[in-house]
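Taken in order, these protein sequences are the chains called A and B. Every letter in the first sequence is one number past the one before it in our numbering, and letter 30, counting from 1, is 30. Count along the second sequence from 1, then add 113; that gives the number in our numbering. Just below is one structure, and these are the notes that go with it.
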Amino acid sequence: DGGITQSPKYLFRKEGQNVTLSCEQNLNHDAMYWYRQDPGQGLRLIYYSQIVNDFQKGDIAEGYSVSREKKESFPLTVTSAQKNPTAFYLCASSMIRGEVEAFFGQGTRLTVV
Amino acid sequence: AQSVTQLDSHVSVSEGTPVLLRCNYSSSYSPSLFWYVQHPNKGLQLLLKYTSAATLVKGINGFEAEFKKSETSFHLTKPSAHMSDAAEYFCVVTRTGGDKLIFGTGTRLQVFP
Chain A
1 DGGITQSPKY LFRKEGQNVT LSCEQNLNHD AMYWYRQDPG QGLRLIYYSQ
51 IVNDFQKGDI AEGYSVSREK KESFPLTVTS AQKNPTAFYL CASSMIRGEV
101 EAFFGQGTRL TVV
Chain B
114 AQSVTQLDSH VSVSEGTPVL LRCNYSSSYS PSLFWYVQHP NKGLQLLLKY
164 TSAATLVKGI NGFEAEFKKS ETSFHLTKPS AHMSDAAEYF CVVTRTGGDK
214 LIFGTGTRLQ VFP
């Protein structure tokens, strides 16, 4: 089955730790995205990438880092510089030409303990 | 520049009555428009999309939306609400031909028996 997979579903982080959220897609999509969702605030774009080895900051990139070494993978690292990381994180992918709708993973809920 | 505004943060309807979720967009380019649905703690699922073909778009679960360029609107409708329609709905705009996705802040739909 083609799709986009996020792992883990739940993640707990101690203060001062970096954690990495995984996102993998087998849809052969060019573009991949990371969004953060907080209650009542909709989705906010953290980073996006339209091609391997290239990515752009979104609206709330501070305290986050990404890499795009392979077309299928777009991991997100939440660094200790992110002061309020507790949130629901969604990864998405899409084509950049033609059928451009995004497909979403099931999300990772990150909690600081 | 592109933006999208969802005019209602909450909508409540009785089961069996019509649903109207409003979305206005702004785009300097020819837009592609989407509606997504999100059930609690889940990823987003595509309901329907407009990509410059027919202006009345039919989606899954009986939903449809009409692209009105003169009104810069893309409202989501359903003739008869079902309890299972209770969820968060997001209107999304992007540039036809590829660009990052711009999300509205979401509309929470409640359906009462």
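Ideal placement from N, C-alpha and C gives every residue a C-beta, glycine not left out.
CB residue 192 of chain B to CB residue 131 of chain B, shorter than 8 Å? Position 79 of the second sequence holds residue 192 of chain B. Position 18 of the second sequence holds residue 131 of chain B. Yes, these two residues count as a Cβ contact at 8 Å.
Quick one: give me the first and last residue of the beta strand (DSSP E) that residue 207 of chain B is part of. In the second sequence, the residue the question calls residue 207 of chain B occupies position 94. From DSSP, the beta strand (DSSP E) with residue 207 of chain B extends over 200-208.
Are the beta-carbon atoms belonging to residue 51 of chain A and residue 38 of chain A less than 8 Å from one another? Position 51 of the first sequence holds residue 51 of chain A. Position 38 of the first sequence holds residue 38 of chain A. Not a contact, by the Cβ cut-off of 8 Å.
State buried or exposed for residue 183 of chain B, treating a residue as buried only when at least 16 other CB atoms are found within 10 Å of its CB. For the purposes of this step, residue 183 of chain B is taken as residue 70 along the second sequence, with counting starting at 1. Residue 183 of chain B should be labelled exposed.
So, is the C-beta of residue 118 of chain B closer than 8 Å to a C-beta in chain A? Taking the second sequence and counting its residues from 1, one reaches residue 118 of chain B at position 5. It does not; no Cβ of chain A falls within 8 Å.
Assign residue 207 of chain B to buried or exposed, taking buried as 16 or more other Cβ atoms, counted over all protein chains shown, within 10 Å of its Cβ. Here residue 207 of chain B refers to the residue found at position 94 when the second sequence is read from its first residue. Buried, by the Cβ-count rule.
When the Cα atoms are used, what is the spatial distance from residue 167 of chain B to residue 179 of chain B? Numbered from its first residue, the second sequence carries residue 167 of chain B at position 54. Numbered from its first residue, the second sequence carries residue 179 of chain B at position 66. Their Cα atoms are separated by approximately 9 Å.
Stretch-stretch touch, CB-based, cutoff 8 Å, three pairs: the region 8-21 of chain A with the region 41-58 of chain A: no
How big is the Cα-Cα spacing for residue 69 of chain A and residue 164 of chain B? Counting from 1 along the first sequence, the entry for residue 69 of chain A is found at position 69. Counting from 1 along the second sequence, the entry for residue 164 of chain B is found at position 51. Spanning the two alpha carbons is a distance of roughly 31 Å.
In whole angstroms, give me the CA-to-CA distance for residue 126 of chain B and residue 16 of chain A. Translated into the one-based positions of the second sequence, residue 126 of chain B becomes position 13. Translated into the one-based positions of the first sequence, residue 16 of chain A becomes position 16. Distance between the alpha carbons of residue 126 of chain B and residue 16 of chain A is about 45 Å.
Report the residue from B:199, B:129, B:213 whose alpha carbon sits nearest the alpha carbon of residue 55 of chain A. Numbered from its first residue, the first sequence carries residue 55 of chain A at position 55. Closest option to residue 55 of chain A, Cα to Cα, is B:213.
Give the single residue among B:188, B:150, B:185, B:176 whose Cα lies nearest to the Cα of residue 194 of chain B. The residue labelled residue 194 of chain B in the question sits at position 81 within the second sequence. The shortest C-alpha separation from residue 194 of chain B is found at B:176.
Same chain only: Cβ atoms within 7 Å of residue 80 of chain A, ignoring 5 sequence neighbours per side: Position 80 of the first sequence, counted from the first residue, corresponds to residue 80 of chain A. Around residue 80 of chain A: 16, 17, 18.
Is the beta carbon of residue 22 of chain A sitting closer than 8 Å to the one on residue 75 of chain A? On the first sequence, residue 22 of chain A is found 22 positions in, with the first residue counted as 1. On the first sequence, residue 75 of chain A is found 75 positions in, with the first residue counted as 1. Yes, the Cβ-Cβ distance between residue 22 of chain A and residue 75 of chain A is below 8 Å.
To the nearest whole angstrom, what separates the beta carbons of residue 87 of chain A and residue 33 of chain A, a pair I think is in contact under 8 Å? Counting from one through the first sequence, the residue named residue 87 of chain A turns up at place 87. Counting from one through the first sequence, the residue named residue 33 of chain A turns up at place 33. In fact, because the Cβ distance is near 15 Å, the residues do not count as touching under 8 Å.
Sorted by chain position, which residues of the same chain lie with C-beta nearer than 6 Å to residue 221 of chain B's C-beta, five sequence neighbours on each side aside? Along the second sequence, one-based indexing puts residue 221 of chain B at 108. The residues are 123, 201.
Does the separation of the CB atoms of residue 119 of chain B and residue 218 of chain B fall below 8 Å? For the purposes of this step, residue 119 of chain B is taken as the residue at position 6 of the second sequence. For the purposes of this step, residue 218 of chain B is taken as the residue at position 105 of the second sequence. Yes.
Just verifying my parser: in three-state terms, what is the DSSP assignment at residue 60 of chain A? Your numbering for residue 60 of chain A matches position 60 in the first sequence. DSSP places residue 60 of chain A in coil when its eight states are reduced to three.
Residue 67 of chain A to residue 57 of chain A, Cα distance in whole Å? Position 67 of the first sequence holds residue 67 of chain A. Position 57 of the first sequence holds residue 57 of chain A. The alpha-carbon atoms of residue 67 of chain A and residue 57 of chain A are separated by roughly 12 Å.
Between which two residues does the beta strand (DSSP E) harbouring residue 97 of chain A extend? Taking the first residue of the first sequence as position 1, residue 97 of chain A is located at position 97. No beta strand (DSSP E) contains residue 97 of chain A, which DSSP labels as neither H nor E.
Tell me the DSSP secondary structure of residue 84 of chain A in three-state form. Counting from 1 along the first sequence, the entry for residue 84 of chain A is found at position 84. Residue 84 of chain A: coil per DSSP, three-state reduction.
Give me, in chain order, the residues of the same chain whose beta-carbon lies closer than 6 Å to that of residue 109 of chain A; leave out the 5 immediate sequence neighbours on both sides. The residue given as residue 109 of chain A occupies position 109 in the first sequence. Short of 6 Å from the beta carbon of residue 109 of chain A, and not among the five residues preceding or following it, lie these beta carbons of its own chain, in chain order: 10, 88.
Use the C-beta contact count for residue 27 of chain A: other C-beta atoms within 10 angstroms, 16 or more gives buried, fewer gives exposed. If you number the first sequence from 1, residue 27 of chain A lands on position 27. Per the 10 Å Cβ criterion, exposed.
Counting only Cβ pairs nearer than 9 Å, list the residues of chain A close to residue 145 of chain B. For the purposes of this step, residue 145 of chain B is taken as the residue at position 32 of the second sequence. Within chain A, the residues whose beta carbon sits less than 9 Å from that of residue 145 of chain B are 100, 101, listed in sequence order.
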